[in-house]
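Undergrad: Shown below is the structure under consideration.
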Amino acid sequence: MANRWTGTIGIGTVAALLLGAVVGPSCRPREAARDGEPAARAEAAQDEWPALPVGAEAAAALVEARTRRPPPTVPPAPIDAALLLERLSRSDLAGLVAGEEAIRQHLQGLLDTATAAGRDAWILFGVRHDSGGQLDAIRRLLGPGGLRGLEVVAAEVFFANGRWNGIAPDRQAGDDGEIRNWLDRGDWTAFERLAVRHPDSDYAAWKYGTTANALDLLVDARAVGRDFRGCNMPKALQERTGLTPLGDDRLRLRLRELHCLLALGPAAHPRRAAVLWGADHVLPDGFPRFLPADAAVLAITLFGFRPGTDTVEEAVARNVQVVEPVLLPLDETGTAMALLLPDALLGGEVERLRVDGPSSEPSRAGTWVSSASPAVLHVGGQAVDVALAERRVDLPEGEYAYVLEAGDRRVVGRLEVRRRLSLELSFDPDARFVDWQEHAVEP
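Using the numbering used here, read the sequence shown as starting at 11 and increasing by one per residue.
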């Protein structure tokens, strides 16, 4: 299966998407500064660079002082195979979006709605550092034909310049200068320097060979004139904090997230930004805690294109086949979503055939479905029993997400109903195979 989101490392590589989370009443509003300072000055103080904290006590105090959206007291359920399977077992399709263009439109709508209401909008992508294919999916969403009107894009896979008080600028330089030289002037030497040092600065990129995928983000950013920046805290600054990478109540992670937000600097409101992080950083106690309390935060965890075994993807694929990229709500409030990409594991096999020119009788117009094993097709508010004999599904013109339920197996995808088109879908859930045939219909 090929489309414009297809990556270079496997059949059916598909693109990205993300979660729409609207701030709930549990989030506290912006507070004015003490002693009657105007709220505007209090907000400006949030954008100022303090001294870099050293040690857990100082780091915890700074994190608390800069937290605008306190994380929930009860941690949310882990985003694991059990949660994904539970959500995919629901047949009502509430909030599920399937197909690359439907996902793009859904996300664009979320951004535009926030902007119309005068609210900042933040898109947060959470990836696994062993997956180059997930970076490719995001690149396609942010590149030509992707989301419109983003003011800035930042990525953890590059370092952001810091301006922490009391530290010389040359001691906190990141990749932003080289990135700017590439974006503004097409400076190939700057691009080459980034390519040379990236495997040394990003261990996961060296280990899993994803440097090229990360650098391709910069290629597409230049193609569309995107303001792209680094996001991570330079290693020298991380070490200066005296905090271990994952210890000290994970405070070093929190400081890296705060560093990223400070490096992006103040902006006119409403702001539209996208940030690419490792998956743990987009959880409520991570980067979102530092964002304005009244912002619309869109966060999505990606799945697919990972090496090795014993992964969430492997566990989900035992029961689920995603024919198209699928955007899946993970809670009832819309505060988290997952994007499942149809790689060779999750996607199974799809055979597509299109016959051009009038080739069928008018009576064949519409959608025809069959299954090698008894199943129920949930689509357009209908639950249609499907068996080996072909059955027509009556739907108005349009695009629809569907879930085919066959015992403990699910096939999730998208179909399109058009006039003068016969769409024939044949499912074999046990073999993880879908035969898709389109035929023009005689007028």
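In this text, a Cβ means the ideal position worked out from N, Cα and C, and glycines have one as well.
Looking at the structure shown, is Glu448 part of a helix, part of a strand, or coil, going by DSSP?
TA: It is a strand residue.
Undergrad: For Arg282 and Ala273, what's the separation of their Cα atoms in angstroms?
TA: If you take the alpha carbons of Arg282 and Ala273, they lie about 16 angstroms apart.
Undergrad: Taking C-beta to C-beta, are Glu334 and Arg424 nearer than 8 angstroms?
TA: yes
Undergrad: Go ahead and label Gln182 buried or exposed: buried means 16 or more other beta carbons lie within 10 angstroms of its beta carbon, across all protein chains shown.
TA: buried
Undergrad: Is it the case that the Cβ atoms of Asp353 and Gly143 are separated by a distance below 8 angstroms?
TA: Yes.
Undergrad: Opposite Tyr213 in the DSSP bridges: which residues?
TA: Tyr213 is not bridged to any residue.
Undergrad: Taking only three categories from DSSP, how would you classify Thr377?
TA: strand
Undergrad: Taking its Cβ as the centre, do 16 or more other Cβ atoms sit within 10 Å of Trp216, making it buried, or is it exposed?
TA: Answer is exposed; the Cβ neighbour count stays below 16.
Undergrad: Can you look up Arg402 in the DSSP assignment and give me helix, strand or coil?
TA: Arg402 falls in the strand class under three-state DSSP.
Undergrad: Take Gly408 and list the residues in its own chain whose beta-carbon comes closer than 7 angstroms to its own, dropping the five residues that flank it on each side.
TA: Val427
Undergrad: What three-state label does DSSP hand Gly196 in the structure shown?
TA: coil
Undergrad: Please identify the residue among Glu452, Val162 and Arg150 whose C-alpha is closest to the C-alpha of Val365.
TA: Glu452
Undergrad: Could you tell me whether the Cβ atoms of Val137 and Gly357 are closer together than 8 angstroms?
TA: no
Undergrad: Identify every run of the alpha helix (DSSP H) within the segment 282 to 325, keeping only runs that are complete inside it and at least 4 residues long; order them along the chain.
TA: If you keep only unbroken alpha helix (DSSP H) runs of at least 4 residues inside the segment 282 to 325, you get nothing at all.
Undergrad: Nearest to Leu435 by CA position, among Arg402, Ala66 and Gly417, is which residue?
TA: Arg402
Undergrad: Going by the beta-carbon positions, is the gap between Arg299 and Pro154 smaller than 8 angstroms?
TA: Contact flag unset, no.
Undergrad: Taking the straight line between their C-alpha atoms, what separation do you get for Gln331 and Leu256?
TA: 35 angstroms
Undergrad: For Arg236, which three-state DSSP category applies?
TA: Coil at Arg236, not helix or strand.
Undergrad: Whole angstroms is fine: what's the gap from Val421's alpha carbon to Asp230's?
TA: 32 angstroms
Undergrad: Pair every Cβ in the segment 150 to 170 with every Cβ in the segment 231 to 248, then say whether three or more of these pairs are closer than 8 angstroms.
TA: As far as the Cβ criterion goes, the segment 150 to 170 touches the segment 231 to 248, which means the pair count is three or higher.
Undergrad: Whether or not the segment 435 to 445 and the segment 376 to 383 are in contact is what I'm after, with contact meaning three or more pairs of Cβ atoms, one per stretch, closer than 8 angstroms; do they touch?
TA: yes
Undergrad: Inspect the beta-carbon positions of Trp192 and Arg232 and report whether they are closer than 8 angstroms.
TA: yes
Undergrad: Please list the terminal residues of the continuous alpha helix (DSSP H) segment that includes Ile113.
TA: For Ile113, the uninterrupted alpha helix (DSSP H) run begins and ends at Glu110 to Ala126, by DSSP.
Undergrad: Of all Cβ atoms in chain D, is any one closer than 8 angstroms to the Cβ of Gly314?
TA: Here chain D cannot be found, since the structure has a single protein chain.
Undergrad: Less than 8 angstroms between the CB atoms is what I'm expecting for Ile133 and Ala284, so what's the real figure, rounded?
TA: 4 angstroms
Undergrad: Between Val394, Met347, Ala416 and Arg429, which lies nearest to Arg374 when the distance is taken from Cα to Cα?
TA: Of the listed residues, the one whose Cα sits closest to Arg374 is Arg429.
Undergrad: When we look at the beta-carbon of Arg195 and count the other beta-carbons within 10 Å, is it buried (16 or more) or exposed?
TA: That one is exposed.
Undergrad: Output the boundary residues of the alpha helix (DSSP H) element that contains His269.
TA: Taken as a continuous stretch (DSSP letters only), the alpha helix (DSSP H) holding His269 covers Leu261 to Leu274.
Undergrad: Note down, one range per segment and in chain order, each beta strand (DSSP E) of at least 3 residues found wholly within the segment 68 to 94.
TA: none
Undergrad: In whole angstroms, what separates the C-alpha of Ala126 from that of Asp395?
TA: 43 angstroms
Undergrad: Helix, strand or coil: which one does DSSP assign to Ile148?
TA: helix
Undergrad: Does the ligand ATP have a heavy atom nearer than 7 angstroms to the CB of Glu202?
TA: Because no ligand of any kind appears in the structure shown, any question about the ligand ATP cannot be addressed here.
Undergrad: By a C-beta neighbour count over all protein chains shown, 10 Å radius and 16 as the cutoff for buried, is Tyr412 buried or exposed?
TA: buried
Undergrad: Look up Leu435 in the DSSP assignment and say whether it is helix, strand or coil.
TA: Assignment of Leu435 by DSSP, reduced to helix, strand and coil, places it in the strand class.
Undergrad: Between Ala214 and the rest of its own chain, which residues show a CB-CB distance below 8 angstroms, the 5 nearest in sequence each way excluded?
TA: Excluding residues within five positions, the ones whose Cβ falls inside 8 angstroms are His139, Asp140 and Thr220.
Undergrad: Skipping 5 residues on each side, what residues in its chain have a beta carbon closer than 6 angstroms to that of Ala50?
TA: Note that Ala50 scores a pLDDT of 48, beneath 50, so its modelled location is shaky; the value from the coordinates is reported in the next line. Nothing meets the Cβ criterion.
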